Amino acid sequence: MFSYRHAFHAGNHADVLKHTALMAILQHLTQKDTALLVVDTHAGAGLYRLDGDYAQTSGEADEGLLRLTAKPPAAPAERAPALQAYLDMVASFNAKGRHRVYPGSPFIIHQLLREQDRLKLFELHPTDARTLLANIGQLNAGRQIEVFDQDGFEGLKKFLPPPSRRALVLCDPSYEIKSDYPRVVAMVSEALQRFATGTYMVWYPLIPRPESHDLPRKLKNLAIKAGKSWLNASLNIKSNKLGKDAAGEVVRPGLSASGVFVINPPHTLKALLKDALPQMVELLGQDQHASFVLESG
Ligand code: SAM
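Numbering (this note's numbering), first residue to last: 139 to 435.
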C-alpha cells in the first residue's frame, strides 16, 4: 500500500504554488453563471493540522505557508493579488493570526464553488479516504460533493464530458510510484479526446529523475497536438544537492522545486502568476538557486 500521506507535506512550498494557481483558475471559471464541474483526481484528506504530529515532524510548512506568514508586508496591497487571495483563504480556516489548520484542495475548491457547481473527489488511500469523507460530511454539502475511494486516473473518464460542458480537472498525484508519470499523460490524453475544452491542471515535482522533467514536456506536446493553449509555472526554492550537517552526516534537501502545467488555462492566469511567482521566490527562496519559470503557448 502507499506510504505517502499529504499530512506531512501540507502547506509546503509546493502547496503554496499549487493552491495559488488553483484558486486563480477557479476564481476565473466561476465568473460565468453556467455550472462548473470540478474533479480532483487525487484529493488527499481535505484538512490538515499544522500543529499536529505529521506536520511538526516534517516541518515542511515552515518552508512554505509559515514562511510567507512570518514576513507580513507593511501593507497587504504589496502582495500579489493571487498570493494574497491564497493567504486570505488559509486565514479563513483559522482564528486570527494563527495557522493551525491547512485546507487541502477539496476545501479550497469547495469555498469557491457556487450552488450550481459540482465537485467529485477521488482518494485511494483508505485512511485518507475515510478522513476526507468525514471532513466533507461536516460541510453538509449534500449532492454538491461526491467522494470516491477509487483510482482517480480511472475514475475521471466517467465524468467527461460534463453536461454543462464546463470542467476543471486537478490532477495532483504523489508520484510515489513511477507509473504515476505515464498515467498522468495517458489520463490527460484521453480526457482531451473526450472533452477538449476542459481546463486540466497537473501538479508535478521537479526531482532528479528524468520522468519528472519529461512530464511537462509531454503535457506540452499533448496540448500542442490537440491545438490547445497551455501554461507551465514552476518554483524552485533551494539547491537540490545533498548537503552535510554539523556532524558530517549527509542531509537530503527534501523537495526543492515543483510545477503546475495547465491546459486551456484562463487568459487571466499568466498575469496573476507573473506577479505572484517573483514574490514566492523572494519570500520562500533559501539560496541562489531560488527561481521560477513561467511560460505559455
Ligand atoms: N490534492 C491534495 C491537495 O492539494 O490538498 C493533495 C493530494 S496528495 C499530493 C496525493 C493523494 O493522492 C494522496 O492522498 C494519495 O493517497 C492519493 N492517491 C495516490 N494514488 C491515487 C490514485 N491512483 N487515485 C486517487 N488517489 C490516489
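For every residue, glycine included, the Cβ atom is placed at its ideal position computed from N, Cα and C.
Being a predicted model, the structure only gives us computed values, none of them experimental.
| Check | Outcome |
| --- | --- |
| Leu330 to Gly336 span [Cα, whole Å] | 8 Å |
| Min CB distance Glu387 to chain B below 8 Å | Note that chain B does not occur in the displayed structure, where there is just one protein chain. |
| Glu349 beta carbon near ligand 3 (any heavy atom closer than 7 Å) | Among the ligands in the structure shown, ligand 3 does not appear; only ligand 1 can be found there. |
| Within 8 Å, strictly: CB atoms of Met227 and Pro244 | no |
| Residue range of the unbroken beta strand (DSSP E) whose run includes Asn378 | It is not in any beta strand (DSSP E) - Asn378 carries neither H nor E in the DSSP assignment. |
| Proximity of Arg238 and Arg187 at Cβ, strictly below 8 Å | yes |
| Alpha carbon of Pro354 to alpha carbon of Ala215, nearest angstrom | 33 Å |
| Status (buried if at least 16 other CB within 10 Å, exposed otherwise) for Gln417 | buried |
| Spatially closest choice to Asp289 from Thr172, Lys258, Gly423 and Ala279, by CA coordinates | Lys258 |
| CA-to-CA distance, Arg281 to Ser302, given in whole angstroms | 16 Å |
| Residue environment, Asn150, which counts as buried when at least 16 other CB atoms sit within 10 Å | buried |
| Ala162 Cβ short of 7 Å to ligand 1 heavy atom set | no |
| Distance cut-off 7 Å: Ser327 Cβ against heavy atoms of ligand 1 | no |
| Coil, strand or helix - Tyr319 by DSSP | helix |
| Nearest-angstrom Cβ-Cβ length linking Thr179 and Phe260, presumed shorter than 8 Å | 5 Å |
| Rounded C-alpha distance that separates Gln165 from Glu253 | 15 Å |
| Simplified DSSP state of Glu261, which is helix, strand or coil | coil |
| Reference Tyr313; option with closest CA among Val323, Arg304, Ala305 and Val307 | Val323 |
| Proximity test, Glu261 beta-carbon vs ligand 1 heavy atom, cut-off 7 Å | yes |
| Ordered list of beta strand (DSSP E) runs contained in the region 261-313, each at least 3 residues | 283-286 and 305-309 |
| Any non-hydrogen atom of ligand 1 closer than 7 Å to Tyr83 Cβ | Nothing can be reported for residue 83: it is not among the residues displayed for the chain, which extend from 139 to 435. |
| Cα-Cα separation, Gly107 to Tyr224 | Coverage of the chain is limited to positions 139 through 435, which leaves residue 107 absent and any answer about it impossible. |
| Near ligand 1: Ser394 beta-carbon under 7 Å from a heavy atom | no |
| Bridge-paired residues (DSSP) for Pro382 | Correcting the residue type first, residue 382 is Lys in the shown sequence and not Pro. Note: Lys382 sits in a beta bridge opposite Val388. |
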